[in-house]
Amino acid sequence: MNIIKRATYNSDEVDVLSREYLFRGFIQVEKVSLKHRLFQQSEYTSVIHRELVQRPEAAGVLIYNDHQQKFALIEQFRIGAMDDQDSPWQLEVIAGVLDGDESPESCIRRESLEESGCELQDLQHLFSFYPSAGACAELFHLYSAEAVLPEQGGIFGVADEGENIQLHILDYADIRNLLTNGRLRNAPVIMALQWLEQHIKTIRNV
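Residues 1 to 206 (the UniProt record's numbering) are what the sequence shown spells out, left to right.
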């Protein structure tokens, strides 16, 4: 099986002609005009015009506990899912945006206290990825962490930031159903639970 270890081209093969901001708020929207090299050719594309959404880097964590056989997810209203046919209240891993030069690990520890009350020690990095590279520059860092979980969930979040977050403490036995019943609608939580499912299989075979 051939595994692609590196990209065919790098950023040197992109010719950016212009960039201008169309909107600047919590997110920014740029209009970009560019050309990029064509595969297996020395020529470049004609001029391409794209809108680019700029969001800060973000980090998230799946908190679990092998002894308790449980894991934590949060539920909150999401504007991006406002028109979802089922519900704009989404199940997610605990997550937040990096504050300035903050590291992903520092961000996760802060967000975990705010959204679950759990204090995290050792973090395991799972993936760093672009959730929607076709239009958005956000880079998301996904981690897992084992910690003592509360027996029950609760309501968390920073009220001044408009957060109203419900913490759910779920059983390992719920994972397969969550991954197949259509309730999960965002990439980090799906990836995290797929990782946890494999982790559980590994520890049970030891």
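Ideal placement from N, C-alpha and C gives every residue a C-beta, glycine not left out.
Worksheet item: Excluding sequence positions up to five away, which residues of its chain have a Cβ less than 7 Å from the Cβ of Thr45?
Response: Mapped onto the sequence shown, residue 45 falls at position 45. Once the five neighbours on either side are set aside, the close Cβ partners of Thr45 are Lys35, His36, Leu38.
Worksheet item: Which first and last residues belong to the beta strand (DSSP E) in which Ala58 is found?
Response: Numbered from 1 along the sequence shown, position 58 holds the residue referred to as residue 58. Start and end: 58 to 65.
Fill in: Three CB pairs or more closer than 8 Å across the segment 147 to 161 and the segment 183 to 200
no
Discussion item. One question on the structure: do Val32 and Val16 come within less than 8 Å of each other, judged by their Cβ atoms?
Written reply: Taking the sequence shown and counting its residues from 1, one reaches residue 32 at position 32. Taking the sequence shown and counting its residues from 1, one reaches residue 16 at position 16. In this structure, Val16 lies closer than 8 Å to Val32 by Cβ.
Practice prompt. State the CB to CB distance for the pair Phe77 and Trp89, rounded to an integer number of angstroms; the pair is presumed to be in contact (CB under 8 Å).
Written response: Position 77 of the sequence shown holds residue 77. Position 89 of the sequence shown holds residue 89. Indeed, because the Cβ distance is near 6 Å, the residues count as touching under 8 Å.
Discussion item. Considering just the uninterrupted stretch of the beta strand (DSSP E) at Ala72, what are its terminal residues?
Written reply: Reading the sequence shown from its first residue, position 72 is the one you call residue 72. Where Ala72 is concerned, the enclosing beta strand (DSSP E) stretches over 70 to 77.
Worksheet entry | Continuous alpha helix (DSSP H) assignments of at least 4 residues falling wholly in the UniProt domain "Nudix hydrolase" (54 to 192) | 104 to 116, 175 to 180
Practice prompt. State the start and end residues of the unbroken beta strand (DSSP E) segment that holds Val47.
Written response: Sequence index remark: in the sequence shown, residue 47 carries index 47 (1-based). Segment: none, Val47 is in no beta strand (DSSP E) and carries neither H nor E.
Worksheet entry | Rounded distance between the beta-carbons of Gly80 and Phe140, thought under 8 Å | Stepping through the sequence shown from its first residue, residue 140 is reached at position 140. Stepping through the sequence shown from its first residue, residue 80 is reached at position 80. Actually they are not in contact, since the Cβ atoms of Phe140 and Gly80 sit about 14 Å apart, beyond 8 Å.
Practice prompt. Kindly indicate which three-state DSSP category Leu38 falls into: helix, strand or coil?
Written response: The residue labelled residue 38 in the question sits at position 38 within the sequence shown. Three-state DSSP puts Leu38 in coil, outside helix and strand.
Worksheet item: Any contact of the segment 157 to 169 with the segment 103 to 112, i.e. 3+ C-beta pairs under 8 Å?
Response: no
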